Each structure stands twice: as C-alpha cells, then as structure tokens.
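Report on the following structure.
In the UniProt record's numbering, the protein residues as written are 1 to 535.
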C-alpha cells in the first residue's frame, strides 16, 4: 500500500511536542535566571523572586508529563542557584587541594543536590494535575510545599529570600517558613490562572488583570505584615545591651596554641571595650575560645586560660570545643560568669556536612584525603537553653544556634519547646571559612526567619563577617561595619516575659500539610465531577 497524506504529516505531533517542551524549558530557564538575582550577592529586589515563581508556574502548567515537569524544576533551580552558591568554588580551593576544577565540580554536585527537591515538586505538580485532577490554584502551592519540605544542604525557600521585604513574611509566626512560601505560591497561582492556556498570546487585558490581581493580593499581605510589625513595636518589653565580639581570627588560629597571646588577647580587649559601652552580655563567635574543655568542667581556671580580663563582670557567651570522657569532640556554647563558673554547655545538634562530619566516610575512606580539614564532631544529645544572669531582672534564657543551625527551623523549634522557651536567640558562627565571599550575607538572610517564626530577637556573633542584631520582626536593627577586629554593642528589644509561644513554635508545619491534603482531596473529585457534568 502506498503511503497517503502529506509528507511529514506523521512527524507533526512529534514537532509539536518538541516545541511545547522547548517552551517549558525556556520558561523555567528564564525564571531561574531572574530568581537568581533576588538573593545575595545581587539582592536585586524581592519582586525578582515573585516573577521567577510565576514563570515556574507557567513552565509546570505547560509540561506534557511528569518527566518534563521534573526537568523544568531542575532547570529552574540550577540556574537560579548558580550565582548565590558561587562561593563554593572559592571555599573548596581554599581548604582543599582540588583547585579550580575541584571547586567547579563541587559546585555542580551541590547544584544537583539542591535541585532535586524541585524536580520532585515538578513531578508532584504533574501528578496532582493529571492524575488527581487538582486545579492549578491547588497544584502549584502544594508542589512548592513538597519542594520546600525535602532535605538539602541549603534549605532556603521563597519566603526566606523575600526577607528583604519583611512585611511579606510576617505570617511565618503562624505558618512557618514553608507555610508562608505556600501562601506566596498560592497568590502567584491566582495571577497565573488568568493567563490563557491556548497557543495564542495573552491579550493585554488578561495580562493587566493578572498583574493587578497579584498586586492586590501581595499588597494585602504586605499591609497585614506592616500592621503586625507595628503591634510588635507597641508591645515591646525590656531591652538588654549586648556586645558581639569579632576577633577576625583565621580558621586555624587554634593551632598556634592556647597560650599564644594572639589568641585570647584580642578577645579580652574587645570584651573590655564592650563592657565600657554598657554591655550586660558579651558573646564570642563559634569556637572562639581556643582550649578544648572537659564537657562537664564547671569552671575555667585563671591565668592564661581565663577568657576574662581582670575587672570584667558581664557574663560571657562562649563558643568553644568540649570533649566527653571518651575524648569525643563537641561544637559547644556555654556561659561563663564573673566568678569563673562555666554553665553546662549546649552542644550543636545539626552538624555541617564536610565541615564537621564526612557523610559515608566509613564506607569511602578516600574522602578523608580529599577533605583533610573536615572534623569528626559528635552531635549533641538534645536541645537546651543557656542562662545568663543580668544585673537587673531575671536571668536571660538564651537559645543558641551554632553556625548553620540558624537556617534549620526544626532546631529553633526544639529550643522553643524547652521550658518557657528562650528570651533571646544567639547565632554563633565562624565565617572565616567563607571570608571574602557572599555566604555570610546569605546565612544572615536565612537566619532572620527564625526570629519571625519564634517571635524572639536574635543576635549574631560572627568571626570574619559583620555581626548583627535582628528584632522579633526579622528586621536588622544593627550591623557592624568597618574593619575587624571589632565589637558591636547594641540594645536588643526583648519580647514581654508573658509573650506566648507562636502557633508555628507549637505545631510546626503540621497544619500546613493537613490543609494541603484536605484541599487536594476535596478539589480533585469536585473538579472531575463538574467536568463530567459539562460533558
């Protein structure tokens, strides 16, 4: 039988599929490129992230299957994180022998791991739309929730990147970081739903309606946040004056020996300067105290090992290393009082991969040679608060978040559940690892979300990067500028003593997941029933 039909007619569906997939990939790539301008180092505007989310929603909507949607999520996430994660190349070069090639390989590996949750989010979007019949207004926010909930090294979310406009994310005290990201995604989905699904370009009227609708919803969210911030300012409690010390010490200064005057002398000098400026509490960065102490020492002996200069009275919040009876090291923090006593330490719970522990090191011994500067730190046994006596009023309850723990909402919530919860969050970090990169700016941005979720102020004592004071609304009240070594002294507004724990501190992300599940189970069958009635 001779072939019938016009030449190439059989290839038309294939070409149409290729064009549709190309359009999906282009939307994801453009969205990722725009979204990468929102976080540091560019920090263009939060609007860039909103545009990036809208383009991701369009890309997922045009995908012809779960594989295409998953690939679109990967493209969007990889392109969007190349610039923010570029510090990885410099860091790998600085602390390993792998060179530029190793740094680029490390960046590519990290980008791959970081993009996997968004691939799963894209697949979930396709499943919700095609299998369960969920409308776009439901599928996109739920897919964002799935992507934001999966573990990855840098757990940022759309909400955390929007913190340059803190009014937009004040709902985190009720919904948390992930729930607020879902809320923002729902607003974006409402605007995108106005854009037609046909091949024709959207008319000016539809685009205008979409932009107006998104502006109204985001404006309402912004006004709600502004009103909440105003109420927090009106009900602020007492203030405490805190001094944050930055010795600007190299990462491996400890190897010089604890009795070397270059180690403790700058710390003592800056502590004296902080007390002269009225600091009632002085905080040192992570691992600033150079001597490994017994885990239950209870006291620091005097002389060259004493962190205190003669005459200083304010309690010291020390970042230090402790060891248990089996000589296992812990990354710890403890409070030293004027009589030489050292309170029971808090031990870091969430260890940093590569920097503090090598995943699969027991299975792959060559990792020890590739990363000779990696430590073998033991995790703490559980959350606990530190107590610092003040000249007036009750002792200050401090919830310590060591280094990258500040970007982990689960660790902060665990601290909020201890006793009456903390009065103050303290993020102690050694940023000399990332000197002259944008990582410290990125970490500060992500850490500020913890202050909103728990409605507690945060102080950040850092080594090698600007220290800062963040209030309970996530705003930076003070930040050190100028060359280090230096000390930042600022008044920290505390919440009233009777301020209750936030809804998110009590319930976490449970309500968000329950609501998402209920909406999926209700809207899918309802949409299918209406479609059947129309047919």
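We put the CB at the ideal spot given by N, CA and C, even for glycine. Since we're looking at a predicted model, the values are computed, not measured.
Measure the beta-carbon distance from residue i to residue j and round it to whole angstroms, keeping in mind my assumption that it falls under 8 Å.
{"i": "residue 408", "j": "residue 166", "result": "Not a contact, Cβ separation roughly 20 Å."}
{"i": "residue 181", "j": "residue 157", "result": "4 Å"}
{"i": "residue 48", "j": "residue 56", "result": "13 Å between Cβ atoms; not a contact."}
{"i": "residue 445", "j": "residue 39", "result": "7 Å"}
{"i": "residue 292", "j": "residue 314", "result": "That belief does not hold up - the Cβ atoms of residue 292 and residue 314 are roughly 24 Å apart, past 8 Å."}
{"i": "residue 91", "j": "residue 434", "result": "6 Å"}
{"i": "residue 505", "j": "residue 453", "result": "7 Å"}
{"i": "residue 460", "j": "residue 468", "result": "5 Å"}
{"i": "residue 119", "j": "residue 82", "result": "Actually they do not touch by this definition, with Cβ atoms about 17 Å apart."}
{"i": "residue 136", "j": "residue 184", "result": "Not a contact, Cβ separation roughly 15 Å."}
{"i": "residue 574", "j": "residue 387", "result": "Given a span of 1 to 535 for the chain in the structure shown, any question on residue 574 remains unanswerable."}
Using only the alpha-carbon positions, how far apart do residue i and residue j sit?
{"i": "residue 464", "j": "residue 146", "result": "36 Å"}
{"i": "residue 373", "j": "residue 350", "result": "Only weak support is given to the placement of residue 373: the predicted model assigns it a pLDDT of 49, under 50, and the value that follows is read from those uncertain coordinates. In a straight line, the C-alpha of residue 373 is about 19 Å away from that of residue 350."}
{"i": "residue 264", "j": "residue 305", "result": "8 Å"}
{"i": "residue 130", "j": "residue 117", "result": "20 Å"}
{"i": "residue 259", "j": "residue 341", "result": "Since pLDDT at residue 259 reaches only 48, below the 50 mark, its modelled position is unreliable, and the value read off the structure follows with that caveat. If you take the alpha carbons of residue 259 and residue 341, they lie about 20 Å apart."}
{"i": "residue 32", "j": "residue 447", "result": "23 Å"}
{"i": "residue 466", "j": "residue 275", "result": "19 Å"}
{"i": "residue 244", "j": "residue 300", "result": "21 Å"}
{"i": "residue 516", "j": "residue 161", "result": "23 Å"}
{"i": "residue 538", "j": "residue 126", "result": "This structure gives no information on residue 538, because the portion of the chain shown stretches from 1 to 535."}
{"i": "residue 257", "j": "residue 168", "result": "Note on residue 257: pLDDT 45, under 50, position unreliable in the model; the coordinate value appears next. Rounded to whole angstroms, residue 257 to residue 168 spans 48 Å at the Cα level."}
{"i": "residue 24", "j": "residue 106", "result": "28 Å"}
{"i": "residue 380", "j": "residue 155", "result": "21 Å"}
{"i": "residue 153", "j": "residue 310", "result": "43 Å"}
{"i": "residue 254", "j": "residue 520", "result": "At residue 254 the pLDDT is 46, less than 50, meaning the model places this residue with poor confidence and gives no usable figure here."}
{"i": "residue 30", "j": "residue 52", "result": "8 Å"}
{"i": "residue 363", "j": "residue 284", "result": "Any answer about residue 363 is weak, because its pLDDT of 49 lies below 50 and its placement is not dependable; what the coordinates show is given next. Answer to the nearest angstrom: the Cα atoms are 37 Å apart."}
{"i": "residue 382", "j": "residue 85", "result": "31 Å"}
{"i": "residue 142", "j": "residue 225", "result": "23 Å"}
{"i": "residue 278", "j": "residue 423", "result": "20 Å"}
{"i": "residue 77", "j": "residue 415", "result": "31 Å"}
{"i": "residue 513", "j": "residue 148", "result": "12 Å"}
{"i": "residue 18", "j": "residue 60", "result": "15 Å"}
{"i": "residue 232", "j": "residue 396", "result": "20 Å"}
{"i": "residue 545", "j": "residue 394", "result": "The first residue shown for the chain is 1 and the last is 535, placing residue 545 beyond what the model contains."}
{"i": "residue 247", "j": "residue 288", "result": "8 Å"}
{"i": "residue 215", "j": "residue 223", "result": "12 Å"}
{"i": "residue 98", "j": "residue 331", "result": "27 Å"}
{"i": "residue 389", "j": "residue 69", "result": "55 Å"}
{"i": "residue 502", "j": "residue 210", "result": "34 Å"}
{"i": "residue 15", "j": "residue 402", "result": "54 Å"}
{"i": "residue 295", "j": "residue 413", "result": "25 Å"}
{"i": "residue 267", "j": "residue 481", "result": "18 Å"}
{"i": "residue 485", "j": "residue 242", "result": "17 Å"}
{"i": "residue 144", "j": "residue 13", "result": "31 Å"}
{"i": "residue 327", "j": "residue 298", "result": "17 Å"}
{"i": "residue 100", "j": "residue 239", "result": "48 Å"}
{"i": "residue 205", "j": "residue 194", "result": "10 Å"}
Closest by CA to residue i, which one among the options?
{"i": "residue 337", "options": "317, 67, 84", "result": "317"}
{"i": "residue 507", "options": "423, 417, 457, 481", "result": "417"}
{"i": "residue 237", "options": "420, 514, 493", "result": "493"}
{"i": "residue 499", "options": "173, 168, 59, 212", "result": "173"}
{"i": "residue 187", "options": "154, 221, 206", "result": "221"}
{"i": "residue 524", "options": "447, 132, 430", "result": "132"}
{"i": "residue 478", "options": "491, 485, 227, 34", "result": "491"}
{"i": "residue 449", "options": "76, 175, 25", "result": "175"}
{"i": "residue 347", "options": "323, 240, 327", "result": "323"}
{"i": "residue 124", "options": "103, 114, 150, 99", "result": "150"}
{"i": "residue 487", "options": "334, 420, 65, 271", "result": "271"}
{"i": "residue 65", "options": "121, 96, 87, 505", "result": "121"}
{"i": "residue 428", "options": "482, 224, 333, 34", "result": "333"}
{"i": "residue 510", "options": "102, 141, 179, 453", "result": "179"}
{"i": "residue 50", "options": "189, 251, 451", "result": "189"}
{"i": "residue 441", "options": "139, 42, 489, 250", "result": "42"}
{"i": "residue 436", "options": "211, 135, 514, 94", "result": "94"}
{"i": "residue 234", "options": "35, 481, 473", "result": "473"}
{"i": "residue 89", "options": "98, 76, 104", "result": "104"}
{"i": "residue 250", "options": "470, 296, 432", "result": "432"}
{"i": "residue 35", "options": "54, 388, 289", "result": "54"}
{"i": "residue 376", "options": "114, 356, 385", "result": "356"}
{"i": "residue 111", "options": "87, 96, 100", "result": "87"}
So if DSSP puts residue i in a beta bridge, which residue, or which two residues, is it bridged to?
{"i": "residue 548", "result": "Outside the modelled stretch of the chain, which goes from 1 to 535, sits residue 548, for which no answer is possible."}
{"i": "residue 341", "result": "299"}
{"i": "residue 33", "result": "BP columns for residue 33 are empty, so no partner."}
{"i": "residue 330", "result": "322"}
{"i": "residue 246", "result": "486"}
{"i": "residue 399", "result": "425"}
{"i": "residue 346", "result": "333"}
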